[in-house]
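When we follow the UniProt record's numbering, the leftmost residue of the first sequence carries the number 1, and every step to the right adds one.
Taking it in order: structure first as structure tokens, then the write-up.
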Amino acid sequence: MGRAPCCDRKGLKKGPWTPEEDKQLVDFIQANGHGSWRLLPKLAELNRCGKSCRLRWTNYLRPDIKRGPFTAEEQKSIVQLHGIVGNKWSMIAAQLPGRTDNEIKNYWNTHLKKQLRRMGLDEPPPGPTAGCPAARHMAQWETARLEAEARLSLLSSSGAAATATTSGSASSSSTAAAGAAVAEHAKPADVFLRLWNSDIGSSFRKAAAPVSVKEEEAVVPGDDSSAASNEMDAAAAEYQMFLDFAGEELGLFHGRHGGFSLFPPLDVLAEASLDTAF
DNA sequence: AAATATAGCAACCGCGTCACC
DNA sequence: TGGTGACGCGGTTGCTATATT
């Protein structure tokens, strides 16, 4: 298409934002909303382009942004979600309230990528099958599945206990609340397992598995690379179907504000376990 | 203590998509 | 229905802080 960058206008400031500019932007948005980003700088009397204002607001100034280090649970979610959707940072961010796509992207590139590499879970070394997303994501899917099963088993035991407690006496409203919270959070894990166990999921696993095996045997002289690449294509097609199915049939990854976490936060689990222990 | 290397992160850039005319 | 503009996303850059020599 080809459109001149909005920041080309002479005289518009670039680079780091000053506290004064931040305040100006926050004050304006809190009073008027952002409306059109294109018009905002003029209305707010900021010498910046709209794009820069939007970025500053969404990545840094928004009041609901969660600051501080990523929790272990968040790290796990990022790894698993990345295994599912790849570099779809906005999709991943939608599952992590208070975190921005930019923050997650940076965190992935600076921390998690290295960790996974050390564990041998990141992109395979360059080779004939290195580009196949289906094969690459299998290991991460597998860990996500095992975790979902473990959590469901934990949830079902604590949920049953919570139900028994509440039906036996009306004494523990907090237990009932915890049970409800657990049930609410059980849904995503349940959805994940439904996805994994669905026809599409099993078809994806069958298609991806031979590629994973082939990866082990890669760089064999005289290997039939065209057959391998056909299998890769098939696996990639199955993988795409798998993702489409996740999105459309099971309602995974629906929108920036309508999404859910794949797994319940640890504090919910902890609360449930604590309650059922008494 | 100074120089250099490395890591972390905020911000920018370019492109794709979508809505509106 | 095609063109245009605005928005949002993902990749990349460059600055700053920290670690190492």
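Note that the Cβ used here is the ideal one computed from N, Cα and C, for glycine as well.
**Item:** Rounded C-alpha distance that separates Ser36 from Leu43
**Value:** Looking up residue 36 in the first sequence gives position 36. Looking up residue 43 in the first sequence gives position 43. Distance between the alpha carbons of Ser36 and Leu43: 10 angstroms.
**Message:** If contact is defined by three or more beta carbon pairs under 8 angstroms, each pair taking one atom from either stretch, is the segment 69-76 in contact with the segment 20-40?
**Reply:** Flag = no, the segment 20-40 and the segment 69-76 do not touch.
**Message:** Give me, in chain order, the residues of the same chain whose beta-carbon lies closer than 7 angstroms to that of Gly98; leave out the 5 immediate sequence neighbours on both sides.
**Reply:** Position 98 of the first sequence, counted from the start, is the residue given in the question as residue 98. Once the five neighbours on either side are set aside, the close Cβ partners of Gly98 are Asp64, Ile65 and Lys66.
**Message:** By alpha-carbon positions, which one of Val79, Leu81 and Pro19 ends up nearest to Trp57?
**Reply:** The residue you call residue 57 lines up with position 57 of the first sequence. Closest by C-alpha distance to Trp57, out of Val79, Leu81 and Pro19, is Pro19.
**Prompt:** With DSSP run on the structure shown, which of helix, strand or coil describes Thr58?
**Reply:** As a position in the first sequence, residue 58 is number 58, starting the count at 1. Here Thr58 sits in helix by DSSP.
**Residue from Glu45, Leu40 and Asn47 with nearest C-alpha to residue 282** = Outside the displayed range of the chain (1 to 278) lies residue 282, so it cannot be described from this structure.
**Request:** Note down, in chain order, each residue of its chain lying with its Cβ closer than 6 angstroms to the Cβ of Val26, except the 5 sequence neighbours on either side.
**Result:** Taking the first residue of the first sequence as 1, we reach residue 26 at position 26. Result list for Val26: Leu61, in chain order.
**Item:** Burial state of Glu45, where buried means 16 or more other Cβ atoms lie within 10 Å
**Value:** To locate residue 45, count along the first sequence from 1; it is residue 45. So Glu45 counts as exposed.
**Item:** Neighbourhood of Glu74 by C-beta distance below 8 angstroms, restricted to the same chain and skipping five residues each side
**Value:** For the purposes of this step, residue 74 is taken as residue 74 along the first sequence, with counting starting at 1. Correct list, in chain order: Leu96 and Arg99.
**Request:** Kindly list the residues whose CB is nearer than 6 angstroms to the CB of Phe28, restricted to its own chain and excluding five residues on each side of it in sequence; keep chain order.
**Result:** Position 28 of the first sequence holds residue 28. Once the five neighbours on either side are set aside, the close Cβ partners of Phe28 are Ala44.
**Request:** May I have the straight-line CA-CA distance separating Trp108 from Met91, to the nearest angstrom?
**Result:** Sequence index remark: in the first sequence, residue 108 carries index 108 (1-based). Sequence index remark: in the first sequence, residue 91 carries index 91 (1-based). The alpha-carbon separation between Trp108 and Met91 amounts to approximately 14 angstroms.
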